[in-house]
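Okay, structure first, notes after.
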């Protein structure tokens, strides 16, 4: 009831917003809250992940990312917030490739902090960044490092207000969510944070102290010899900021820092306690209100740090100050907050001040004019918690009446809970008064039975400050009725007469609150009845019969809401509440109730359907078992992928819950599951369905035990194939768990290593991947269950692996490029042969190529290629023996890559590789020329609206061509006819379209061809001559330079006339 998201929530309900079509428009949710966009995104992404193949789903996610990028670039704050909500929702969704998703979101957020200036955007952006850092784990380490360095640079650099504000937000989130990386930068932070703590803007100072608090928590958790030194530097800086000539903002920031040092540095401040306390108390009567408020809020921390010394030396002066603050209207709220904290620190030491404090509390809670002080109500609860029964007379004498006069509120409920817990004798009175208050807050209800007319009439004034028809007030009343301690009161009849009415309210949040309230009231009543069930008198029996009728009536209404409510949140929450409480099992097992639950099995939303499935396990009647089997048979034959996935999960639920029911049907169930698993293989496989079926196979193995061993020849290949599928992380994670369940249940140990040689290497590879730690622990568990394999047998298995499986353990070698000579690649097959001086390079290259072949690690492919070329540069011509296993994978990576920037990068690095190996590239020349031909059209498309091919270094394809020419020298002449016509065509197209974007790069390539153009100058010269006539001076100059460089290398005698005349025309202007 109480929590509310940071993002503003306006207007629409999830049921109105969740789209049904395939085109998902994030901008349509501009007026909705974070929970709504999260629900809509999750629903749509789940559906697309279920229905689309891997590549199609990646394209769908790219479209979402493009929408988010567009919204973030907008100048509309609401659109920016919407994009941040979308990112926040997508972070936890287990779809897509994790590293790539993290990289995109990190890039989006970096741009937000660079460009945006509005705190309304920067604050939620920092929270999303913290969420990303926490969820991404090791994948975000580099991004966290970059963000921390950037933020520290903004703090210590020239003052730019919005960047300084963004810096403290970033540092706070990084300290809280990525403390390991942040810990390295603590020394720089300790010095830099004081720039923000003394900033002229209050908002910057307040966020800076939050960052300081987070940093102190990081320091506190780590044992380091530098800790005391850091504390000392902070304390010294705080004292400097509190000097005599310090500015107001310096004093305020230093006071905030002192409060955090007192709270988070342990015993360090003990030796400086008196010094710090005296400095702080010097500012009690400071002229600036902000400083005085800071002092007021700091006093309880000083009191709590050394209680006895504070009572002896500072209690009177501080209490006099707080009582003075309570008489100042503008500062009274902060005074009550400080007073409540002081009570928690000092307890009974404040008894002498209670009469004066009580008088101030009563005046603030029930003022003659204006609204009641909620801080004062909280203060009463704090005093009751701190002093216990000593506070009872003061509460009875008028404070309790004043508190109820203020009306129902969160603060009132919290205070009443503290009072009733600390002073049990007041509980009956509080219960009576609070029930009256709730009755008045629920306008659809009648006066509570048993309430006197006088009490009812007096309660009419309780809600004078809050609209009694307010949905927020109604929801608070329902939440209070469900959660407050009303022990001793039978509220079932009140629930039937008053609360159930709200199950039909227009507001979905009110309907949800009413349904949860009914569930809890029924559960409390059943719990109370079970405690007194041993009573055998007639009254108990009659009361039990009446209670059962009321419960059945209320449960019937709740199930109607669970099945028929228009809002998925209401339906799901009702099923969840009913399922989690075993007290409802007897009522849910009735035939007419089960009929309603069966209806919910077909709920279009997954959550209510899942809850309904789980609830069905509560009953063990043969009737509903037969019904369940029928429902499953119908659903498993469905043509709808979503329905098939749901049927697989339904079967898993049945297997877990009704093992005896499933045992006679192991054979047909196994057959159906294996059929679905075989359908779930291939490039267009439904990974969500396959994951659901795999999970069900594991449950079936647990129930079937040794009887499942006869089916292992059919099951194991499918499970191993799922482990091999690097493009579906979720399916791979489920496959690991399923493998462990199969082996543990059937006793199938050691043998899997011999029968499936790739298995051990595959599992070891998963340990080094990016799976969740829970999955890695499952891998370790599987390895332990299967047992240890003889190393000699493992090495023999490796040599017997076919090519497609060898890829798991060692880099692939294309069938056309097999290497049989040990001199060419000795250590690839003998990794223990460490005598070779190239052993470590070989291991590194093999690992890099393994990553390059894994499509699930595509976000690392750029770093892999860069590292590979770096290793080859260091090896020089020693890298030539590795070309047969490296080049085919590089060619395939270029062809398969969908990321344009990555494709350009790999193409450029291919050119660099050719420059290293030079003439040794001859045997791969046809493959390279074929690749150049494939890349040429996409690389030189003049009509492309957003051309990014030409970077600061030039075109990657032309770089590849140039390096090939330089490597082969005169041998390249025979291949020039494959490339030169394309170059001439680019120049001709540029002249025709008046677009000379690629001309400088083509001219540079012609210069590199040099003497190889001797036989083809009849093609080149006319094109160059035409460029002399172009209006762009730079292009004319570049063409002349190219001709100048070519003349010494080629024969131009037959073209002298044309060249001279056109050069003369250029000179003539």
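In the UniProt record's numbering, the protein residues as written are 1 to 1069. Virtual Cβ for every residue (Gly too), placed ideally from N, Cα, C.
Inter-residue Cα distance where the pair is residue i and residue j
i	j	result
residue 760	residue 753	6 Å
residue 733	residue 691	9 Å
residue 595	residue 62	44 Å
residue 27	residue 1000	42 Å
residue 480	residue 549	25 Å
residue 519	residue 504	16 Å
residue 895	residue 930	11 Å
residue 220	residue 903	47 Å
residue 233	residue 442	57 Å
residue 1021	residue 972	20 Å
residue 419	residue 406	16 Å
residue 377	residue 292	23 Å
residue 570	residue 60	30 Å
residue 768	residue 188	33 Å
residue 714	residue 739	13 Å
Residue i and residue j closer than 9 Å at C-beta
i	j	result
residue 742	residue 749	no
residue 381	residue 431	no
residue 358	residue 394	yes
residue 230	residue 181	no
residue 67	residue 110	no
residue 338	residue 857	no
residue 694	residue 669	no
residue 228	residue 165	no
residue 877	residue 920	yes
residue 998	residue 1035	no
residue 508	residue 566	yes
With 16 other Cβ atoms within 10 Å as the buried cut-off, status of residue i
i	result
residue 43	buried
residue 979	buried
residue 827	In this prediction, residue 827 scores a pLDDT of 40, lower than 50, which makes its location untrustworthy; the coordinate-derived value is nonetheless stated afterwards. Buried.
residue 318	buried
residue 1056	exposed
residue 121	buried
residue 1061	exposed
residue 758	buried
residue 296	buried
residue 882	buried
residue 154	buried
residue 725	buried
residue 85	buried
residue 203	exposed
residue 1047	exposed
Own chain residues within Cβ distance below 8 Å of residue i, not counting five before or after
i	result
residue 241	194, 197, 198, 250, 251, 253, 254 and 257
residue 1053	none
Spatial neighbours of residue i in its chain, beta-carbon cut-off 7 Å, leaving aside the 5 residues before and after
i	result
residue 452	Unreliable positioning characterises residue 452 in this predicted model, as indicated by a pLDDT of 38, which lies under 50. The coordinate reading is nonetheless provided below. Excluding sequence neighbours, residue 452 sits near nothing in its chain.
residue 356	323
Three-state class that DSSP yields for residue i in the structure shown
i	result
residue 544	helix
residue 1067	helix
residue 787	coil
residue 954	strand
residue 1055	helix
residue 201	coil
residue 413	helix
residue 194	helix
residue 719	helix
residue 976	helix
residue 506	coil
residue 328	coil
residue 581	coil
residue 371	coil
Beta-carbon contacts of residue i that lie in its chain and below 6 Å, excluding the five residues immediately before and after
i	result
residue 238	254, 257 and 258
residue 807	A caution first: residue 807 carries a pLDDT of 40, below 50, which makes its placement in the model unreliable, though a value can still be read off. Nothing meets the Cβ criterion.
residue 1066	1028
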